[in-house]
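Asks:
In mature numbering (1 follows the signal peptide of the UniProt record, and there is no 0), the protein residues as written are -23 to -1, 1 to 153.
1) Taking the alpha-carbon of residue 137 as reference, which of 108, 78, 29 has the nearest alpha-carbon?
2) Any contact between the region 84 to 96 and the region 128 to 137? By contact I mean 3 or more CB pairs, one from each, below 8 Å.
3) Pop quiz: residue 65 and residue 80 are said to be a contact at Cβ under 8 Å. What is the actual Cβ separation, rounded to whole angstroms?
4) Taking all protein chains shown into account, decide if residue 59 is buried (16 or more other Cβ within 10 angstroms of its Cβ) or exposed.
5) Throw me the rounded Cβ distance for the residue 10 and residue 119 pair, which I believe falls under 8 Å.
6) Check whether the Cβ atoms of residue 141 and residue 15 lie closer than 8 Å to each other.
7) Are the Cβ atoms of residue 26 and residue 134 separated by less than 8 Å?
8) Can you list, in chain order, the residues of its chain with a C-beta nearer than 6 Å to that of residue 67? Leave out the 5 residues immediately preceding and following it.
9) Tell me, please, which residues DSSP counts as bridged to residue 30.
10) Answer with buried or exposed for residue 73, where buried requires no fewer than 16 other C-beta atoms within 10 angstroms of its C-beta.
11) Cα separation between residue 6 and residue 114?
12) Where do the N-terminal and C-terminal ends of the beta strand (DSSP E) with residue 66 fall, by residue?
13) Comparing alpha-carbon positions, which option in 126, 122, 23, 63 lies nearest residue 85?
14) Just the C-alpha distance for residue 34 and residue 83, rounded to the nearest angstrom, thanks.
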């Protein structure tokens, strides 16, 4: 059960990160297969590499579907263009835990981009004293999607596969 919750948390994090990187004023990622490597510090979650098959429609759908979900759980979500890329600041609350995050997004969205996020979580599982963590998401375009993949598919470590268009299923699994 703990493994499923950890995987779900990673998928939600990935979807929210990718959704932030797909806002209307940001470039759409190049269609095809992207390798997404998540490295965290200050967290019990191990390094994780996933593959995401995407196209222009999926990236736009992710923004449209994630934005309402983010609006429900985030009291603040600002994205600004900078001279080197984009900066995102957010404050979100899930299951009694408030997380304040700052992310810097750099890259060209056609071959590679990086999202570096620093977060402070307090309450819920983080406890009263809080917990700081950092996450780096390194995304690299690999080429065309594999024959058995359709746009939106994410393949997690161990072969767990889901489609980001199933965001409603993710929302149903979130603790209330």
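A virtual CB, placed ideally from N, CA and C, is assigned to each residue, including glycine.
Values in this document were obtained by computation on a predicted structure and should not be read as measured data.
Replies: For this structure:
1) 29
2) no
3) 4 Å
4) exposed
5) 4 Å
6) no
7) yes
8) 51, 53, 54, 78
9) 10
10) exposed
11) 15 Å
12) 63 to 71
13) 63
14) 22 Å
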